[in-house]
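Everything on this sheet refers to the single structure shown next.
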Amino acid sequence: MPKKVDLILVPTDFSGLSCEAFSWATLLAQQFNAKILIVHVISERAAVDMTSQPGNPWENVLEREDGAMVENFQSCLLSDIKPNVEPQTLVEVGPAAEKLIEAAQEKGADIIVMATHGRTGLSHALMGSVAEKVLRQAPCPVLTVRPKGD
């Protein structure tokens, strides 16, 4: 018998690929009547710039991110969210994979739905892969979404 899914964690960098992962997450959320937690992790360096700004950290991140990517992701949110899906947001500061794994543990995520850029070879070796680290260490199943055409 399949496990009940109550919470789906969806990391975002506000890219179109993150939007695609969010679309998959909304399908699962509808199927299981689950909540979605959208998580954005910013580097410590970027966070230093925000420490003096008052207010909601999610709003501060939205203000600082590239406008076109944010608009694209907000359009995705508006088109994909169904009435029975309850998205929540969380902003974390630090190494992305580590913070995503911590959020999944602390919030009790039942599944993580995340994008992967599908890098291989030298670019993978130099850049590393947040998705790969999350896959190896997550406390729950991980569904990865690759770019279309891959």
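Numbering (the numbering used here) for the sequence shown: 513 to 662. For glycine and all other residues, C-beta sits at the position ideal for the given N, C-alpha and C.
Ser530 and Arg658 have their alpha carbons spaced roughly 10 Å apart.
For the set Phe544, Phe526, Gln542, Lys547, the Cα lying nearest the Cα of Ile554 is the one of Phe526. Counting every other CB atom within 10 Å of its CB across the protein chains shown gives Ser641 a total of 16 or more, marking it as buried. DSSP places Val597 outside both helix and strand once states are collapsed to three, so it counts as coil. Comparing alpha-carbon positions, the option among Pro599, Ala537, Leu549 lying closest to Gln617 turns out to be Leu549.
Pairing Asp622 with Cys652 gives a Cβ-Cβ distance under 8 Å. Counting along the chain, the unbroken alpha helix (DSSP H) around Ala537 starts and ends at 528-544.
When the five nearest sequence neighbours on each side are left out, the beta carbons in the same chain lying within less than 7 Å of the beta carbon of Val646 are those of Ala609, Leu612, Ile613, Ile624, Met626, Val654, in order along the chain. Only buried fits Leu521, as 16 or more other CB atoms lie within 10 angstroms of its CB.
Lys547 is classed as buried because its beta carbon has at least 16 other beta carbons within 10 Å across all chains shown. Cβ contact annotation for Gln600 (same chain, cutoff 6 Å, sequence separation greater than five): Leu549, in chain order.
Secondary structure note for Val642: its alpha helix (DSSP H) is the uninterrupted segment 642-649. Closest in C-alpha terms to Thr524, from the list Phe544, Val597, Gln586, Gly620, comes Gln586.
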